[in-house]
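Input: a single structure, listed below in structure tokens.
2 protein chains.
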Amino acid sequence: MAERTTTGHRAAPEHTHPDDVPVLAALAALADPVRIALVRELAGSPVWTRSCGSFDVPVGKAALSHHFSVLRGAGLVEQRDEGPRRVNRLRREEFDARFPGLLALVLREE
Amino acid sequence: MAERTTTGHRAAPEHTHPDDVPVLAALAALADPVRIALVRELAGSPVWTRSCGSFDVPVGKAALSHHFSVLRGAGLVEQRDEGPRRVNRLRREEFDARFPGLLALVLREE
DNA sequence: CCGAGTGTTCGATGAAAACCATACACTCCG
DNA sequence: CGGAGTGTATGGTTTTCATCGAACACTCGG
């Protein structure tokens with residue numbers, strides 16, 4: 022209702038630090054095939070090079086956007102606006118410090 | 022249908038070895054508050070001492086039975102029939118060998 | 001052999017989550 | 001400034017999953 026001042030995608034994405042993420046949330050975030058694919062593909066690319074739309078997953082834009090939102094909320098991904106596109110970074114060190122070995126586990130079997 | 026020869030709970034529970042468990046399944050199994058509680062409580066008890074009904078979780082028997090089924094399928098729990106009750110064992114070594122650190126992650130914060 | 005205790009199965013219900021199509025916001029380039 | 005490219009928000013559908021109640025199977029102790 023109302024409050025439609027500026028609802029674009031330029032609101033500076035909300036990030037959650039891995040330290041503030043419960044284990045359950047981390048596991049839930051990774052317990053999805055699409056999100057696992059995103060994380061793996063992201064891990065195989067240089068930092069800040071992959072825009073959201075550049076991933077090879079079988080879902081539409083809306084669902085994709087939602088998945089990235091979940092990954093952000095789990096402290097797995099950091100996003101930055103670069104021109105018209107939103108580029109991503111896997112929070113390797115930070116996430117691994119909070120959940121040692123978890124990321125390695127997911128990446129170990131691509 | 023039919024096939025109702027022996028549907029009790031004495032059919033020797035089907036077990037899945039951790040080695041045969043996909044990462045996704047392991048994560049999905051642990052991405053549930055009740056199952057996490059079961060695993061933690063089980064980890065804090067001597068082996069083969071806890072029957073299914075002896076856990077302090079806020080769900081009925083049916084749901085509980087289902088949760089144990091999931092844990093078995095993820096290679097997390099082994100069950101054995103002991104008289105009228107079914108006792109449990111956490112597959113620490115085996116599961117940790119397959120998914121190093123994952124169990125520790127869940128147990129680290131009780 | 002019956003009854004209490006234990007756990008599984010079935011069917012149904014409700015809530016959560018994934019998904020899509022559409023509409024919109026923002027950036028850039030021509 | 002207008003259009004193409006990119007991502008988000010919303011609303012509604014579908015699927016998935018946790019849960020319950022009830023019926024059943026099994027074991028053991030009177």
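From first to last, the protein sequence lines are chains A and B. Sequence positions in the first sequence follow this note's numbering and run 22 to 131. Sequence positions in the second sequence follow this note's numbering and run 22 to 131. Note that CB positions come from ideal geometry on N, CA and C, so glycine has one too.
Legend entry - Under the three-state DSSP convention, the category Asp-102(B) falls into: strand
Legend entry - Between the CA atoms of Arg-110(B) and Asp-53(A) - distance to the nearest angstrom: 27 Å
Legend entry - Residues that Arg-107(B) bridges to, as DSSP identifies them: Asp-102(B)
Legend entry - Rounded separation between Ser-72(A) and Pro-121(A) - CA only: 27 Å
Inset, instruction - Determine, using beta carbons only, whether Gly-104(A) and Arg-119(A) come nearer to each other than 9 Å. - result: no
Legend entry - chain B residues whose Cβ lies nearer than 7 Å to that of Val-127(A): Val-44
Legend entry - DSSP-derived helix/strand/coil call for Arg-71(B): strand
Inset, instruction - Could you tell me whether the stretch 39 to 57 of chain B touches the stretch 84 to 103 of chain A, using the rule of 3 or more Cβ pairs below 8 Å? - result: In this structure the stretch 39 to 57 of chain B does not lie against the stretch 84 to 103 of chain A, because fewer than three pairs of beta carbons, one per stretch, are closer than 8 Å.
Legend entry - Contact set for Leu-124(B): own chain, Cβ-Cβ below 7 Å, skip 5 residues either direction: Arg-113, Phe-116, Asp-117
Inset, instruction - Show which residues of chain B have a CB atom less than 8 Å away from the CB atom of Leu-123(A). - result: Within 8 Å Cβ-Cβ: Gly-122, Leu-123, Leu-126.
Inset, instruction - Identify which residue in Val-44(A), Val-98(A), Ala-50(A), Gly-65(A) has its Cα closest to the Cα of Glu-35(A). - result: Val-98(A)
Inset, instruction - Verify whether the separation of the beta carbon atoms of Leu-63(B) and Phe-76(B) is less than 9 Å. - result: yes
Legend entry - Minimum C-alpha distance to His-87(B) - residue among Val-55(B), Ala-46(B), Leu-126(B): Val-55(B)
Inset, instruction - Could you spell out the range, first to last residue, of the alpha helix (DSSP H) harbouring Leu-92(A)? - result: 82 to 94
Legend entry - Under 9 Å (Cβ pairs) to chain A, residues found in the stretch 54 to 83 of chain B: Pro-54, Ile-57
Inset, instruction - Kindly indicate which three-state DSSP category Ala-52(B) falls into: helix, strand or coil? - result: coil
Legend entry - For Val-127(B) and Leu-51(B), believed in contact at Cβ under 8 Å, the rounded distance: 6 Å
Inset, instruction - Report the three-state DSSP secondary structure of Asp-77(B) (helix, strand or coil). - result: coil
Inset, instruction - Would you decide whether Ala-84(A) is buried or exposed? Buried here means 16 or more other CB atoms lie within 10 Å of its CB. - result: exposed
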